[in-house]
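J.: Take a look at this one; I'll ask things after.
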Amino acid sequence: MTPGINVAKQAKIAFQVHEYTHDPDAESYGLEASDKLGIAPERVFKTLVVSLDGKALAVGVVPVAAMLSTKSMARAAGAKKAEMADKAEVARSTGYVLGGVSPLGQKKRLKTVIDASAQNFPTIYVSAGRRGLEIELAPQDLCKLTGGLFADIAQQVYKL
1234 MTPGINVAKQ AKIAFQVHEY THDPDAESYG LEASDKLGIA PERVFKTLVV SLDGKALAVG
1294 VVPVAAMLST KSMARAAGAK KAEMADKAEV ARSTGYVLGG VSPLGQKKRL KTVIDASAQN
1354 FPTIYVSAGR RGLEIELAPQ DLCKLTGGLF ADIAQQVYKL
């Protein structure tokens, strides 16, 4: 059990855990999850940690087939600038390793912005807190459990 799964259990929400064998040579953890679970990449979301105005950390949750728009993220989070956070700082504040960062059950609860496209699906997949482990839940439940908000923060879809 990971802290992310425990949060979902304690909240008594509907969720499902999906496990697959992680390939350490995979170029993209999120696209690997999409491929191995047979789920459209638009429904699998990655958790990215950013630094807001060089001070506070925040989480952006975007489809694995897209990139995070740091400008849109900053605007949604009420900051002037957002940039990707330092890897060591991410691990320290979330308690998770890169590629396994879950928006749920972080050591320190960070401001969370979920891309609005998540609302197009009855359920989405996010990391459950370990590489090779995804949790499927309703986007509204994810938003409620993280104290987050929905906003258009994704940009430029990768060619799949």
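In our numbering, the protein residues as written are 1234 to 1393.
Note that the Cβ used here is the ideal one computed from N, Cα and C, for glycine as well.
None of these values were measured; they are calculated from a predicted model.
Going by C-alpha to C-alpha distance, which of Q1249, K1242, V1323, A1244 sits closest to V1359?
T.: The residue you call residue 1359 lines up with position 126 of the sequence shown. If we check each option's Cα against that of V1359, Q1249 comes out closest.
J.: Short check: CB of H1251 to CB of E1367, under 7 Å?
T.: Translated into positions along the sequence shown, residue 1251 becomes position 18. Translated into positions along the sequence shown, residue 1367 becomes position 134. Less than 7 Å divides the Cβ of H1251 from the Cβ of E1367.
J.: On the three-state DSSP scale, how would you describe P1355?
T.: Against the sequence shown, residue 1355 aligns to sequence position 122. Correct three-state label for P1355: coil.
J.: Would you mind working out which of A1247, A1384, I1246 sits nearest K1344, comparing C-alpha positions?
T.: Taking the first residue of the sequence shown as 1, we reach residue 1344 at position 111. It is A1384 whose Cα lies nearest to the Cα of K1344.
J.: Which of helix, strand or coil does DSSP assign to S1360?
T.: For the purposes of this step, residue 1360 is taken as residue 127 along the sequence shown, with counting starting at 1. Of the three classes helix, strand and coil, the one that applies to S1360 here is strand, per DSSP.
J.: Where do the ends of the alpha helix (DSSP H) carrying K1314 lie?
T.: Here residue 1314 is taken as the residue at index 81 of the sequence shown, counted from 1. Segment: none, K1314 is in no alpha helix (DSSP H) and carries neither H nor E.
J.: Excluding the 5 residues flanking G1338 on each side, which residues of the same chain have their C-beta closer than 7 Å to its C-beta?
T.: Numbered from 1 along the sequence shown, position 105 holds the residue referred to as residue 1338. The answer, listed in chain order, is T1235, P1236, G1237, N1239, V1240, G1362.
J.: What would DSSP say about G1380, mapped onto helix, strand or coil?
T.: Numbered from 1 along the sequence shown, position 147 holds the residue referred to as residue 1380. Three-state DSSP puts G1380 in coil, outside helix and strand.
J.: How is D1374 classed by DSSP in three states: helix, strand or coil?
T.: Taking the sequence shown and counting its residues from 1, the one referred to as residue 1374 is at position 141. Of the three classes helix, strand and coil, the one that applies to D1374 here is helix, per DSSP.
J.: Whose C-alpha, out of T1303, V1330, P1296, is nearest the C-alpha of T1356?
T.: The residue labelled residue 1356 in the question sits at position 123 within the sequence shown. It is P1296 whose Cα lies nearest to the Cα of T1356.
J.: Does L1213 pass the burial test, meaning 16 or more other C-beta atoms within 10 Å, or should it be called exposed?
T.: Beyond the ends of the chain as shown, which are 1234 and 1393, falls residue 1213; an answer cannot be given.
J.: With distances taken between CB atoms, is the gap from P1336 to V1283 smaller than 7 Å?
T.: Locating residue 1336 in the sequence shown gives position 103, where the first residue counts as 1. Locating residue 1283 in the sequence shown gives position 50, where the first residue counts as 1. No, the pair does not count as a contact, with Cβ atoms beyond the cut-off.
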